[in-house]
Amino acid sequence: VGTVILDTRLTEALISEGIAREVTNRIQTLRKEEDLEYTARIRVHLSGPRDILDACEAHRAHIAEETLASEFSVGDVAQFDGKTVESSLGDSAITICMACIS
């Protein structure tokens, strides 16, 4: 018989990782909706609240790897020649712009 103690506090690092995972999921769903080939490379641009963008910047390499994004940027939405969707992330709204490049 033993005792296990769990620390259930959410740290900034855990929150940031969770945001990155949710954004990755949204991008993967968009890939599926667009019926992209499994190996298709994409470019992605995100806009939204600063805390979400900061989390995505911190996890840029992981998001790009998981979604096969050769180009990944964040900030204000500029001219973009791909699919643009609005998505909710908690109490916030984000805009995901995605275009296939291969």
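Numbering-wise (the numbering used here), the sequence shown opens with residue 14 and increments by one.
All C-beta atoms in this analysis are idealised placements derived from N, C-alpha and C, irrespective of residue type, glycine included.
Check, Outcome
"Suppose the cutoff is 6 Å on Cβ atoms and the five residues either side in sequence are ignored; what does the same chain contact list for P62 look like?", "S105"
"Please say whether I65 and M32 have beta carbons closer to each other than 8 Å?", "At residue 32 the sequence reads Ile, which differs from the Met that was named. Closer than 8 Å, so yes."
"For I55, does the three-state DSSP call read helix, strand or coil?", "strand"
"Considering Cα atoms alone, identify which of A71, L43, E50, D67 is closest to C110.", "L43"
"What number of angstroms, rounded off, separates the C-alpha of T24 from the C-alpha of E30?", "10 Å"
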